[in-house]
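Every number in this note's numbering is 73 more than the matching position in the sequence shown, counting from 1. Note that CB positions come from ideal geometry on N, CA and C, so glycine has one too. What follows is one structure encoded as structure tokens, with my remarks underneath.
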Amino acid sequence: MVANTLTLSLLIFCKKFAISSQKTLLISYFLKNMSKLKYSFFILAIAEFIYNISSYIINMGLGRMLSVSSYGRYSLVVGFTTMIIILVGRGVPTAMAKRISEHIGDWKKIRSIRNASARIQFLIICTLTVIFYFSSPLIAHAFNDITLTPLFRISAFVIPAFALSSFHVLYFNGLKFFKAMTIMKMTRGVFRIVWILGLAYTLKLEGALFGSIIAPLSVFCVALVIEYLFIKKNTTNPIKKLEKYPWKNIISYASGFIVFLVFYEFYIRFDMYIIKSLTGSDYYTGLYNAAFTVALIPYFVMFALTFILFPTMSELTKKKDFTNIKKTLVHVLTFLFSLLIPAVIIMAIMPEFLITFFFGQKFIAAAPLIPLMTGATIFITIFYVLASVFNGADMTRVPAIITAIALICGFSANMIYLPIFGITATAIIFSCTATFMGLTSLVMMYITFFRKHTKNKK
């Protein structure tokens, strides 16, 4: 009984993102065996802790301020807009981060890479914003709800705002300036609470959308201050003339990474879109998104790992240091499974408590969906962490192919079973495809970094 009580306490604290004694021991073990990364992980984990608390505070607040249908519309519009900006707008900044991580200390080269990336990104984002704004009626029609048109037009301005802040996050990521990333993550969480909930309180659904625009713009202002102070501190001699960095070096990596993003972002979000398209129900969309948000708490928390692993794997693979790659992966996976397995147990036995805690009693109908998604809780988290490993190692096609297969299977299964069994079928399909992705990525990791190089060493 005592052991069960302690385990249950640990799980509840994990759900609330508090640091329990057992979790502290796990993190200490993880950090001890990854001395090069421990400080970076620690500060980013704190930032991720604060940011994810803000995300769930926002969801809790909106779940109580808005009706289930309005919450479903908000989730659909903001989710779709965010997916578009990530698909189109994240490739270049990620390529910039990778190229910068290959030239740490060479500020002339770094500034050249940044300037070239900024020019490309400016053209992409301006074009995307204009197209998205004027295509709003078509997008709304695709969801069989023309009343979404004004909401999509408002959300079009999320695109440049989000792009400005994310560009600087990845710039600092490439520099391995994790202190700056920590500050931006924390301030973003605070700004999102203030702007989204503040405006939603007065303007309801439209206010939440306006808050989604103003919050990243506020983070961008913070990034400008950090960049000025950081560059001034680390570049004592002014750089008078910059060489032009070949834009092809950025596009070459960005194109492969964008292919992965296209498949992955559609995969992680298409459930809501297909529910809305096939059922036409904002209510079911809201219920599913609430269950999805709770089930993927560990997934969102582990984002701190991906920010560290991406530049780290880029550096280690360039040096062909496979010994440290294998050590890093073993410790990362040990840490992940130590947290994910207890997490799914608490989700399986306490779904009603979790859904009412985060969203309120009116979302109680979403509770049965949470245990059905526990496979996704474990394996989509593992997949995404390992995807950052493959992407950092210049192997973007590995996670892209895995995701493409899962997307095709998931879409086909939903077209058949969603009209018959409803959103319960969608939850089961999501869990099954995520399990396939996680297991396949583990197999590919073993083949790529363990078996192949062990044989070569022999």
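| Asked | Found |
| --- | --- |
| Could you give the DSSP three-state label for Leu554: helix, strand or coil? | Any property of residue 554 remains undetermined from this structure, which presents the chain solely from 74 to 531. |
| Would you identify the three-state DSSP class for Tyr356, choosing helix, strand or coil? | helix |
| Would you give the residue range spanned by the alpha helix (DSSP H) that Ile198 belongs to? | Trp180 to Phe207 |
| Tyr372 and Leu480 - do their beta-carbons sit closer together than 7 Å? | no |
| Could you compute how far the alpha carbon of Ile193 sits from the alpha carbon of Ala327? | 11 Å |
| Over what stretch of residues does the alpha helix (DSSP H) that includes Ala479 continue unbroken? | Arg470 to Phe494 |
| When DSSP labels each residue in this structure, what does Ile437 get in the three-state scheme? | helix |
| For Arg163, name the three-state secondary structure that DSSP assigns. | coil |
| Alpha helix (DSSP H) containing Val231: first to last residue? | Val231 to Gly247 |
| Pick helix, strand or coil for Ser411, following the three-state DSSP scheme. | helix |
| Go to Ser140, then tell me how far its alpha helix (DSSP H) extends in each direction, as first and last residue. | First-last for Ser140: undefined, no H or E at that position. |
| Span of the alpha helix (DSSP H) holding Val458? | Thr447 to Gly465 |
| Express the C-alpha separation of Leu445 and Tyr337 in angstroms, rounding to a whole number. | 21 Å |
| From Ala170 to Thr508, what does the alpha carbon distance come to, in whole angstroms? | 30 Å |
| Comparing alpha-carbon positions, which option in Ala296, Phe484 and Val516 lies nearest Phe343? | Phe484 |
| Kindly indicate which three-state DSSP category Phe537 falls into: helix, strand or coil? | In the structure displayed, the chain extends from 74 to 531; residue 537 sits before or after that span and is not available. |
| Nearest by alpha-carbon distance to Phe355: which of Gly465, Ile212, Leu221 and Ser128 is it? | In the sequence under discussion, the amino acid at residue 355 is Asp, which differs from the Phe named in the question. Of the candidates Gly465, Ile212, Leu221 and Ser128, the one whose C-alpha sits nearest the C-alpha of Asp355 is Leu221. |
| How many angstroms separate the CA atom of Phe456 from the CA atom of Cys199? | 32 Å |
| Grouping DSSP H, G and I as helix and E and B as strand, with all else coil, what is Tyr318? | coil |
| Determine the extent of the alpha helix (DSSP H) in which Thr429 is found, giving its start and end residues. | Pro424 to Phe432 |
| Can you tell me which of the three DSSP states Asp344 falls into? | helix |
| Would Arg146 be called buried (16 or more neighbouring beta carbons within 10 Å of its own) or exposed? | buried |
| Which first and last residues belong to the alpha helix (DSSP H) in which Leu221 is found? | No alpha helix (DSSP H) contains Leu221, which DSSP labels as neither H nor E. |
| How is Glu175 classed by DSSP in three states: helix, strand or coil? | coil |
| Where Val141 and Ser514 are concerned, what is the direct C-alpha to C-alpha distance, given to the nearest angstrom? | 36 Å |
| Would you give the residue range spanned by the alpha helix (DSSP H) that Lys393 belongs to? | Here Lys393 belongs to no alpha helix (DSSP H), and DSSP marks it neither H nor E. |
| Take Phe522 as the anchor and find which of Thr497, Lys400 and Ser411 has the nearest alpha-carbon. | Lys400 |
| Note down the Cα distance separating Val295 from Arg137, rounded to an integer number of angstroms. | 30 Å |
| State yes or no: is the C-beta of Thr506 within less than 7 Å of the C-beta of Asn132? | no |
| Give, in chain order, every unbroken run of the alpha helix (DSSP H) that is at least 4 residues long and sits entirely within the segment 248-295. | 251-265 |
| Give the secondary structure of Met518 by DSSP, where H, G and I count as helix, E and B as strand, and everything else as coil. | helix |
| For the ligand COA, is there any heavy atom lying closer than 6 Å to the beta carbon of Ile123? | For the ligand COA, the structure offers nothing, since it holds no ligand at all. |
| Is Val516 buried or exposed, if buried means 16 or more other CB atoms sit within 10 Å of its CB? | exposed |
| Output the distance between the C-alpha atoms of Pro415 and Thr407, rounded to the nearest integer angstrom. | 13 Å |
| If we call anything under 7 Å between Cβ atoms a contact, is Thr202 one with Phe330? | no |
| Assign His214 to one of two classes, buried (16 or more other C-beta atoms within 10 Å of its C-beta) or exposed (fewer than that). | exposed |
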